[in-house]
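In order, the protein sequences belong to chains A and B. With this note's numbering as the guide, the letters of the first sequence map in order to residues 627 to 877. With this note's numbering as the guide, the letters of the second sequence map in order to residues 417 to 577. Data block below; observations after.
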Amino acid sequence: MAEKAAEFNPEVFKKTSDEKMSARLKMWLEMCAHCGLCADTCHYYLANEQDPKMMPAYKAKKVLDAIKKKGKIDEATLNSLYETVYGECTMCRRCTMFCPFGIDVASIISMARGLCVSQGKVPENLVKVIENYFAHGNQMALTQEDWIETLKWMEEELQEELPGATIPIDKKGANLLYTVNAREPKFYPMDIAHAVRVFHIAGEDWTMSSKGWDDTNLAMFAGDLKSAAYVSQLVRDAAEELEVKRVAITE
Amino acid sequence: MHSVTLFAEYLRDGRIKLDKSVFAKERCTYQDPCNVSRNGGCARDAREIVKYLCEDFVEMEPHGAYNFCCGGGGGMIPMAGPFRERRLRAGKVKADQIRATGAAICITPCHNCYDQIRDLNKQYELGIKVLSFKEMFEHALIIPEELKAKEDEGEEGEKEE
């Protein structure tokens, strides 16, 4: 589960940063020469009147400064770090393409999000969806019943046009396991029908799974890597149980 | 594997066929999702699909692995709340890119990009349609006669509805 330690805990902060500080991250953080080539590769920098605080190098330095203090940071610093790592970077990795050293700022930001997680500082909505993964196996808290019902409904919809089209559920040994974003059964159910149409016409030997069918991983974006490992394991388990050859994720 | 790679494979192998005339009158562009194009290496697969699907296709500049993030990645969409305003502001770069193509349709195979670009469409009044490949396939896929519903029999030559 997403840790929800409500209070700022410098010891946990230091312990977490020690654990997360791999040689690679340490090298990247120390190697940045602040040359500024990353500045206009970043959409935040460009869209915010070239505010130097939006430069990827600045954001990385902010993380380094927080870590250097070995947990002796105040709450204001933590809050400011939180705003930067969640609110001013989408971890898109574009800056890395232009960095002369290939510094992976996204990994640095992800690590810093993990530091925030250790302090219970996670955007509220992400905490909710992470709980959903644990309780229901998908980010939208759909029950298995809802899920199967949605598939049946989409199957019927499509059969009006393509009488032979079916959605095989838990078909062992299928060539392909198709997984979706849980936003599809919740908000865009027709997306599922559109995919079925493709598989049916292609003559694919495919299946969907009654569990482990949500291919999103918002725990990863939250920086909560323990939960992220759990979430990705759900799909892996489904694939292994069904002995499929390939797994496809939705658009 | 990502659906984009799978769909490109189906088209390449002739397992599915598209009617290119369906979207012929609408200029299309393609939003490279960071996790599909830059980090997933599927930029070329998407262009392959586009060749079967679009008559009038214009790339954003830059594109492929160098394309900009839409601003909805990294969990930004579900974070919502206080992050929404920052997300829409950062999306201006993407809105400008799309506008410069003159496209009527922005294709994107990612739910984050999809929701973000739909928001940008309103915010920056782009006047575009945002579609995934499979939404376009709904109209462009050629359905083999033997798979069609019975009442359609005898109505050959009818290309689309």
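Glycine residues also receive a C-beta, built at the ideal position from the N, C-alpha and C atoms. Nothing here was measured: the structure is a model prediction, and the numbers come from that model.
Query                                                                                                                                       : Result
Close beta carbons around A/Leu768, own chain, < 7 angstroms, minus the five adjacent residues each side                                    : His762, Ala808, Pro811, Lys812
Closest Cα partner of A/Gly816 within the set B/Glu554, B/Asn537, B/Ala459                                                                  : Before going on, a small fix: residue 816 of chain A reads as Met here, not Gly. Comparing Cα-Cα distances from A/Met816 to each of B/Glu554, B/Asn537, B/Ala459, the minimum goes to B/Glu554.
Within the stretch 727-812 of chain A, ranges of the alpha helix (DSSP H) (whole runs, at least 4 residues)                                 : 731-744, 750-762, 770-785
Check whether A/Trp832 and A/Tyr804 have beta carbons under 7 angstroms apart                                                               : yes
B/His527: contacting residues in chain A (beta-carbon distance under 7 angstroms)                                                           : Asn807, Arg809
Where the beta strand (DSSP E) through B/Cys444 begins and ends                                                                             : 444-446
Complete runs of the alpha helix (DSSP H) confined to the stretch 490-535 of chain B [at least 4 residues]                                  : 492-495, 500-506, 508-517
Contacts around B/Gly489, its chain only, beta-carbon distance under 6 angstroms, and the 5 residues preceding and following it disregarded : Cys450, Asn528
Which of helix, strand or coil DSSP assigns to A/Glu629                                                                                     : Since pLDDT at A/Glu629 reaches only 44, below the 50 mark, its modelled position is unreliable, and the value read off the structure follows with that caveat. Looking at A/Glu629 - three-state DSSP - the assignment turns out to be coil, as it is neither helix nor strand.
Where the stretch 758-783 of chain A meets chain B: residues whose CB sits under 8 angstroms from a CB there                                : Gln765
Residue nearest to B/Glu471 in terms of C-alpha spacing, selected from B/Glu464, B/Phe439, B/Ala459, B/Asp448                               : B/Phe439
Within-7 angstroms CB hit, A/Pro678 to chain D                                                                                              : Structure shown: chain D not included; protein chains present are A and B.
CB contact check: B/Ser453 to chain A, cutoff 7 angstroms                                                                                   : no
Beta carbon of A/Leu741 nearer than 7 angstroms to that of A/Ser858                                                                         : no
Cβ contact check for the stretch 511-527 of chain B and the stretch 726-745 of chain A: 3 or more pairs under 8 angstroms                   : no
Coarse secondary structure for B/Val438, derived from DSSP in three states                                                                  : coil
Amino acids of chain A, ordered along the chain, whose beta-carbon sits closer than 7 angstroms to that of B/Tyr540                         : Simply none; closest approach about 11 angstroms.
Buried versus exposed, by CB contacts within 10 Å (16 or more), B/Ser437                                                                    : exposed
Euclidean distance between Cα positions of A/Asp772 and A/Gln785                                                                            : 20 angstroms
Sequence-distant residues of its chain with Cβ nearer than 7 angstroms to A/Glu714 (five each side left out)                                : Tyr670, Met680, Lys685
Segments assigned alpha helix (DSSP H), at least 4 residues, entirely inside the stretch 803-868 of chain A                                 : 809-813, 816-828, 844-848, 851-868
Identity of the residues DSSP links to B/Phe549 by a beta bridge                                                                            : In the DSSP output, where bridge partners are listed per residue, B/Phe549 has none listed.
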